[in-house]
Ligand code: MN
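Residue numbers (the numbering used here): 4 to 506.
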C-alpha cells in the first residue's frame, strides 16, 4: 500500500510590480548551476512552518504531532455547522517574531477563505491570508552573503492528512481514502520568497537558514522529518542574464534539504531540455519521486481566481499595536547570523561554527571561550562528540571546565571525550567524573621519577635515543603509558623526554 499525503495548495498572489521592483543582482559569488551554458535557474521557495503553539489556529484542540488518528480534534477543525473560529493569539505572536526576524513590515491583516473541494479540509475552504498578509517585504541574508527577498509571511491553518489506499497511493486510482484530522487547523506560517534563488545549493542554504531562524525565535521546531517544515519549490529557467520570468512548475511538499536540491536540479534540466527541443513546459504542480530521482506531473496549476478568495466573515482583522510589535522585537533572541559572527569573531573555524549554530550548541562554545578555554577544542567537541540526544541540556559551565581541563593537560583528549559523554548522560561535573576514573592529572614530577626508572631499566635504548634514534620515543612513551595505565598525557611525556635527552 502506498501512502500519499496529497493536499491542494495555494497560488500565492504575486503582483508583477513587486517582482520587477525587486533586484536580483548581487555582488556575492554564486555557485555554478549545473545547467548547459547560457541557461540559468529562477527559483522561489514557499516554506510552510508549523507553529509551536499548545492549541490549534482557531480552536482549543491540541496541536501535537502524531497521536491516534482523529483524537486531537474539535468541532471547529471539523467545520461542523454553527462553529466559529477564534484566533490563537500565541500563533499571531510567533508569526510576528518570525516576521521581525526576517526584517518584514508587520501590518494589519485579514483572514481570507481559500475555497476548494477536497476531503482533507472538511469546511471546503482553508482559512489563509490573501491580499492583506501579516508580514510583508522582508529578506534573508544567506551565510554566503547573498540576500534573498521575502515577499510575505502569512498565517493560515494546516489541512488534514489523507491516505489514499491503492497501488499508486494517488487519489485518482485509490480504492478508498482515509482522513486524519489531527493536523487540520494546526497553525502555519507560509513564508514566500522572491524568485531570487539561482541554484539547488542556494535553495538548500535558504531553507536551512530559514529553519535555523524559526527554531531560534521559538516559533517552530522546524523538523522536516515530521512535516513541521515543508518546502514547495517554484522552478523555471531562462537564458542567462535575462530578466524574464518564464513558465514555472511548483514541486510540492519536498521533505528534506537533500531532496530539495535534487528535485530542483532535475526540474530545471527538464525545462532546458524542453526548450532545446523546441517545446516548452506547462504551468503545473509536480511531485518529487525520491526513488525514481525525478519529478512527476500532478494536477495542472490552479490560478488564484480558482480559489475564489474572499475575506472570512467569521474573523475580524488582526491589527497588532505598535507597542506589542516593539515588545516582541525587544524580546527576540540573537539570530543565527549574529550567533555565527560571535564565534567567528572569537576565532572559530567557519564550518565548525556553522555546525555549532545549526545544532543550537553555540552558547556552549561561547561560555567555554569566555572562561578562557580555546575555541577550537570547544568546537571540535561540539561537532564531533555532541551529536547526541541531551547535548542541549549540557551545563555550559561544566562544558567550559572540561575543555579547560583538557587544554591544561589535566585530561588527555581521549579521557575528555569519555568524560564528556558521561556528563551528557549524568549531568555531573567533569572534575568529579574524572576523579572517579582516576583521570586526575599525573603530576609532572611523578612522571619524571617514573621515567628515570624506565631509563635506568633500558640504558642501551636510552643511549641510542639520545644518539638520534628517534623511533625509540614510541618505546619510552609506551612504557610510561603502561606504567600509568594510560593516564599520562602524551604531550607531557614528549616534553619530559626532550628535556632529559638534551641534558
Ligand atoms: Mn499555504
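Every residue gets a Cβ at the ideal spot worked out from N, C-alpha and C, and that includes glycine. A quick note: this is a predicted structure, and the numbers were derived from the prediction, not measured.
Which full runs of the beta strand (DSSP E) of 3+ residues lie inside the region 417-471, going along the chain?
Listed in chain order, there is nothing to give.
Could you please give the first and the last residue of the uninterrupted alpha helix (DSSP H) stretch that includes residue 228?
Residue 228 -> no alpha helix (DSSP H), and no H or E assigned at all.
Please report the straight-line C-alpha distance between residue 135 and residue 219, rounded to a whole angstrom.
26 Å
If you run the structure through DSSP and keep just helix, strand and coil, what is residue 506?
Reduced to three states, the DSSP call for residue 506 is coil.
On the DSSP bridge assignment, give the partners of residue 491 in chain order.
In the DSSP output, where bridge partners are listed per residue, residue 491 has none listed.
Would you call the CB atoms of residue 239 and residue 249 closer than 9 Å?
yes
DSSP three-state call for residue 183: helix, strand or coil?
strand
Rounding to the nearest angstrom, what Cα-Cα distance links residue 332 and residue 180 in this structure?
Taking the straight line joining both Cα atoms gives about 45 Å.
Residues in the same chain with beta-carbon distance under 7 Å from residue 183, minus the five sequence neighbours each way, listed in chain order, please.
72, 73, 163 and 164
Using the Cβ count rule (16 or more neighbours within 10 Å means buried), how would you classify residue 485?
exposed
Return the bridge partner residues of residue 50 from the DSSP annotation.
194 and 234
Can you give the beta carbon distance from residue 368 to residue 381, rounded, assuming they're within the 8 Å contact cut?
4 Å
Compare the beta carbon distance of residue 130 and residue 78 with 9 Å and say whether it is the shorter of the two.
No.
Whole angstroms are fine: how far does the CA of residue 211 sit from the CA of residue 204?
10 Å
Return the CA-CA distance between residue 178 and residue 290, expressed in angstroms with no decimal places.
21 Å
Name, in chain order, the residues that DSSP records as bridge partners for residue 297.
292
Could you pull out every residue in the same chain whose Cβ sits closer than 7 Å to the Cβ of residue 299, ignoring the five residues on either side in sequence?
289, 290 and 292
Kindly indicate which three-state DSSP category residue 334 falls into: helix, strand or coil?
Residue 334: coil per DSSP, three-state reduction.
Cα separation between residue 458 and residue 440?
28 Å
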